[in-house]
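Participant: Have a look at the structure that comes next, please.
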Amino acid sequence: MEKPSIPKGTRDFGPEKMARRNFIFDTIKETFQKYGFMPLETPAMENLSVLTGKYGNEGDQLLFKVLNSGDFLAKSTEENRKDYKSLLPDISEKGLRYDLTVPFARFVVMNRNDLVFPFKRYQIQPVWRADRPQKGRYREFYQCDADVVGTDSLLCEAENIFMICDVFKKLGIKKFSIRLNHRKILSGISEVADAPGKENALCIAIDKLDKIGEEKVYEELAVSGFSDKSIEKLRPLFQVQGNNDEKLSQISEFLGSSQQGKKGVDELKTILSLASVRPEAMKHIDIDLTLARGLGYYTGAIFEVKALEGSISSSISGGGRYDNLTGVFGLDGVSGVGFSFGVDRIYDVMEDLGIFPESALEGPKAMIAYFEDSFTDAFALLHDLRHAGISTEMYPEAAKMKKQLSYADKKQIPFVIMAGPGEFAQNVFGLKNMRAGSQDNLNKEELINRLKMQ
RNA sequence: GUGAUUGUAGCUCAGUAGGUUAGAGCGCCAGAUUGUGGCUCUGGAGGCCGCCGGUUCGAGUCCGGUCUUUCACCCCA
-1 MEKPSIPKGT RDFGPEKMAR RNFIFDTIKE TFQKYGFMPL ETPAMENLSV LTGKYGNEGD
59 QLLFKVLNSG DFLAKSTEEN RKDYKSLLPD ISEKGLRYDL TVPFARFVVM NRNDLVFPFK
119 RYQIQPVWRA DRPQKGRYRE FYQCDADVVG TDSLLCEAEN IFMICDVFKK LGIKKFSIRL
179 NHRKILSGIS EVADAPGKEN ALCIAIDKLD KIGEEKVYEE LAVSGFSDKS IEKLRPLFQV
239 QGNNDEKLSQ ISEFLGSSQQ GKKGVDELKT ILSLASVRPE AMKHIDIDLT LARGLGYYTG
299 AIFEVKALEG SISSSISGGG RYDNLTGVFG LDGVSGVGFS FGVDRIYDVM EDLGIFPESA
359 LEGPKAMIAY FEDSFTDAFA LLHDLRHAGI STEMYPEAAK MKKQLSYADK KQIPFVIMAG
419 PGEFAQNVFG LKNMRAGSQD NLNKEELINR LKMQ
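Going by this note's numbering, the residue at position 90 of the first sequence is 88; the numbering climbs one at a time, nothing skipped.
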């Protein structure tokens, strides 16, 4: 006998975990819908032509490829078999989706004539990456994306911030910070540092600030080819402090005449002023010039969310604006803004804080415990209870009372209805509250009404 | 992709210097209690010691490989 196993970096989710995960998913879904987003699902597999080249060289390596069916090897040429890169197109033309954004862009392009723009969609599906697993990093994980495409309005950014606040409030995560920055400010910074073309290297280095410290960032910049002079010009950047308005005026000064930078600052000011209609949301927003976010396609405001309580410090949500999402698929000029919740990490944060509500358990409300002689009567009562909308089950066989109650206990079913022949004859049932250990005698109607109210 | 690390019962983990029959706690099953779960007591089941190969009279223990786990880097949610 071979011991069963699951692939590296994948997980099973048992009933308790699913109850908790569904609580998170449902909360996010409700919020997305409340803000007018419509659901979308795309296939697990995409054609490799859709996926490759969208995530950089690193990304292509992390794509799971799907082998063609049939005798694919026969179709390959001797020449191509020499190394795997040239062989690949012969043996694989499909891959598992790597994120939800690229399939979404593909969908928008394919359906551009039928969609109502601005188009708002949300999408909650698993994605796959052939990465090496680590703490909080899996080869299969869920993304919860919401994007709106076809408008430049900064209202969207403000709404994203509100959605984040709504979701975390509902989940019970009270202390979190939404770090906000702007890609054009970062461009402006690289202009000021006389290194206009090196924006990416600048972002990668700056993004590591809280992880490796200021001096190491300078070292990294030097390695990436920044001159000492450039680095020296960057120093004031790390001295920026104060509240959000103060930070923005300092960075405005730092950026001087940079047109790019000025536009970024102006946009952030607008977003802040829009967000100010909800003062409690403003408390979470934190302008942070060192926030870079890796994804290459962002061009406008970017933001990232971290929990400030508990021991999980990685980001639990994030997003930003992109000017040309669909350009690679031949549709230019579609601007959009989107963000995503990291469900796995939100789960970890909530577990760490012990804030999952008990109602997240998705078991039945009641169980009927009965005896051999009352099997048929119990089965009929079961139907009546379900018909009244009460989630109920009965133990499938007339086992010993101890066994039936123990089953209810383990499944954390809150109520057990004691229903033997005597009970049915007199229409008086024992309703046992498993939590309290107490028991009341009720007739069928009272029983149903009582359980409905619970 | 680079460098480490882990693997013993369903779970968490002991296992002395290589030496008969591999242990504990929790969980599971049964009974004490024939119509009442949790608590207690008694008993029981359950292990190719990750897998393959090597060293040895003898390997859970030492060596090599492989898979897996965890961690750092790269990158990322």
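For each residue, glycine too, the CB sits at the ideal point set by N, CA and C.
Pull up the distance between the alpha-carbon of L440 and that of K450, whole angstroms please.
Facilitator: Here residue 440 refers to the residue found at position 442 when the first sequence is read from its first residue. Here residue 450 refers to the residue found at position 452 when the first sequence is read from its first residue. Near 14 Å, if we compare the C-alpha coordinates of K450 and L440.
Participant: Could you spell out where the alpha helix (DSSP H) holding H385 opens and where it closes?
Facilitator: As a working mapping, residue 385 is identified with position 387 in the first sequence. Segment 373 to 385, the alpha helix (DSSP H) holding H385.
Participant: Is it the case that the Cβ atoms of T324 and V106 are separated by a distance below 7 Å?
Facilitator: On the first sequence, residue 324 is found 326 positions in, with the first residue counted as 1. On the first sequence, residue 106 is found 108 positions in, with the first residue counted as 1. Yes; because the gap between Cβ atoms is below 7 Å, this pair is in contact.
Participant: Figure out for me which residue from R119, E370, A417, L60 has the closest Cα to the Cα of A397.
Facilitator: Sequence index remark: in the first sequence, residue 397 carries index 399 (1-based). Selected option, being the one with the closest Cα: E370.
Participant: Apart from the five residues just before and just after D438, which ones in its own chain have a Cβ nearer than 7 Å to its Cβ?
Facilitator: Position 440 of the first sequence, counted from the first residue, corresponds to residue 438. Within the same chain, D438 has close Cβ partners L429.
Participant: In whole angstroms, give me the CA-to-CA distance for P2 and P131.
Facilitator: In the first sequence, residue 2 corresponds to position 4, counting from 1. In the first sequence, residue 131 corresponds to position 133, counting from 1. Computed Cα separation, rounded: 20 Å.
Participant: When burial is assigned at 16 or more other CB atoms within 10 Å of the CB, is H385 buried or exposed?
Facilitator: Locating residue 385 in the first sequence gives position 387, where the first residue counts as 1. Its Cβ having fewer than 16 others within 10 Å, H385 is exposed.
Participant: For M(-1), collect the residues of the same chain with a Cβ closer than 7 Å to its Cβ; drop the 5 residues on either side in sequence, then sort them by chain order.
Facilitator: The residue you call residue -1 lines up with position 1 of the first sequence. Residue confidence for M(-1) is low, a pLDDT of 49 falling below 50, so the modelled location carries little weight and cannot support an answer.
Participant: Is the beta carbon of I249 less than 7 Å from the beta carbon of L287?
Facilitator: By 1-based counting over the first sequence, the position of residue 249 is 251. By 1-based counting over the first sequence, the position of residue 287 is 289. Yes.
Participant: On the three-state DSSP scale, how would you describe M(-1)?
Facilitator: Residue mapping note: residue -1 aligns to position 1 of the first sequence, counting from 1. Interpretation of M(-1) is limited by its pLDDT of 49, a score under 50 that renders its predicted location unreliable; the figure taken from the coordinates is listed afterwards. Correct three-state label for M(-1): coil.
Participant: Could you tell me whether the Cβ atoms of S222 and K304 are closer together than 7 Å?
Facilitator: Counted from its first residue, the first sequence places residue 222 at position 224. Counted from its first residue, the first sequence places residue 304 at position 306. No, these two residues do not count as a Cβ contact at 7 Å.
Participant: In the DSSP assignment, find the unbroken alpha helix (DSSP H) run with P87 in it and report its ends.
Facilitator: Translated into positions along the first sequence, residue 87 becomes position 89. Its alpha helix (DSSP H) spans residues 82 to 89.
Participant: Exposed or buried, what is Y53 when buried is set at 16 or more other beta-carbons lying within 10 Å of its beta-carbon?
Facilitator: One-based indexing of the first sequence puts residue 53 at position 55. Answer is buried; the Cβ neighbour count reaches 16.
Participant: According to the Cβ coordinates, are C463 and V335 closer than 7 Å?
Facilitator: This structure cannot settle anything about residue 463, because the visible part of the chain is limited to -1 through 452.
Participant: Taking the alpha carbon of A103 as the reference point, which residue from A279, I187, D330, E218 has its own alpha carbon closest?
Facilitator: Counting from one through the first sequence, the residue named residue 103 turns up at place 105. A103 has its Cα closest to that of D330, out of A279, I187, D330, E218.
Participant: Can K173 and E307 be called in contact, C-beta distance under 7 Å?
Facilitator: In the first sequence, residue 173 corresponds to position 175, counting from 1. In the first sequence, residue 307 corresponds to position 309, counting from 1. In contact: K173 and E307 (Cβ atoms closer than 7 Å).
Participant: How long is the line joining the alpha carbons of Y33 and A273, rounded to whole angstroms?
Facilitator: Position 35 of the first sequence holds residue 33. Position 275 of the first sequence holds residue 273. Answer to the nearest angstrom: the Cα atoms are 15 Å apart.
Participant: Please go through the segment 41 to 66 and give each complete alpha helix (DSSP H) segment of 4 or more residues, from N-terminal end onward.
Facilitator: For the segment 41 to 66, whole alpha helix (DSSP H) runs of length 4 or above, ordered along the chain, are 46 to 49, 54 to 59.
Participant: How many Å lie between E56 and I366 at the Cα?
Facilitator: Within the first sequence, numbered from 1, the residue matching residue 56 stands at position 58. Within the first sequence, numbered from 1, the residue matching residue 366 stands at position 368. Their backbone Cα atoms lie some 57 Å apart in a straight line.
Participant: Could you give the residue range of the beta strand (DSSP E) that holds R430?
Facilitator: Counted from its first residue, the first sequence places residue 430 at position 432. The displayed chain sequence assigns Lys, not Arg, to residue 430. Looking at the DSSP string, the run of the beta strand (DSSP E) that includes K430 is 427 to 431.
Participant: Just confirm the distance between the C-beta atoms of G259 and I171, as a whole number of angstroms; I'd bet it's less than 8 Å.
Facilitator: One-based indexing of the first sequence puts residue 259 at position 261. One-based indexing of the first sequence puts residue 171 at position 173. That belief does not hold up - the Cβ atoms of G259 and I171 are roughly 33 Å apart, past 8 Å.
Participant: Applying the criterion that 16 or more other CB atoms from any shown protein chain within 10 Å of the CB defines a buried residue, is I310 buried or exposed?
Facilitator: Numbered from 1 along the first sequence, position 312 holds the residue referred to as residue 310. Buried, since its Cβ has 16 or more Cβ neighbours within 10 Å.
Participant: Give me whichever residues DSSP pairs with T390 in a beta bridge.
Facilitator: Translated into the one-based positions of the first sequence, residue 390 becomes position 392. BP columns for T390 point to A364.
Participant: Can you tell me the Cα-Cα spacing of A191 and L232, whole angstroms?
Facilitator: Along the first sequence, read from residue 1 onward, the residue named residue 191 stands at position 193. Along the first sequence, read from residue 1 onward, the residue named residue 232 stands at position 234. Computed Cα separation, rounded: 6 Å.
Participant: When the distance is taken between beta carbons, is F301 closer than 7 Å to L153?
Facilitator: Position 155 of the first sequence, counting from 1, holds the residue named residue 153. Position 303 of the first sequence, counting from 1, holds the residue named residue 301. Contact flag unset, no.
Participant: Which residues does DSSP pair with M36 in a beta bridge?
Facilitator: One-based indexing of the first sequence puts residue 36 at position 38. In the DSSP output, where bridge partners are listed per residue, M36 has R119.
Participant: For S256, is the classification buried or exposed, using 16 other Cβ atoms within 10 angstroms of its Cβ as the cut-off for buried?
Facilitator: As a first step, residue 256 must be located in the first sequence, where it is residue number 258. That one is buried.
Participant: Taking only the alpha-carbon atoms, compute the straight-line gap between L61 and R448 and give it to the nearest angstrom.
Facilitator: Translated into the one-based positions of the first sequence, residue 61 becomes position 63. Translated into the one-based positions of the first sequence, residue 448 becomes position 450. The alpha-carbon atoms of L61 and R448 are separated by roughly 54 Å.
Participant: Using the rule of at least 16 other Cβ atoms within 10 Å of the residue's Cβ for burial, across every protein chain shown, is I415 buried or exposed?
Facilitator: Sequence index remark: in the first sequence, residue 415 carries index 417 (1-based). With 16 or more other Cβ atoms within 10 Å, it is buried.
Participant: Spell out the partners DSSP gives R177 in its beta bridges.
Facilitator: Start at 1 with the first residue of the first sequence, and residue 177 comes out as number 179. Looking at the DSSP assignment, R177 forms a beta bridge with D284, E302.
Participant: Pairing CB atoms from the segment 26 to 44 with CB atoms from the segment 145 to 162, are three or more of them under 8 Å?
Facilitator: Short answer: they touch.
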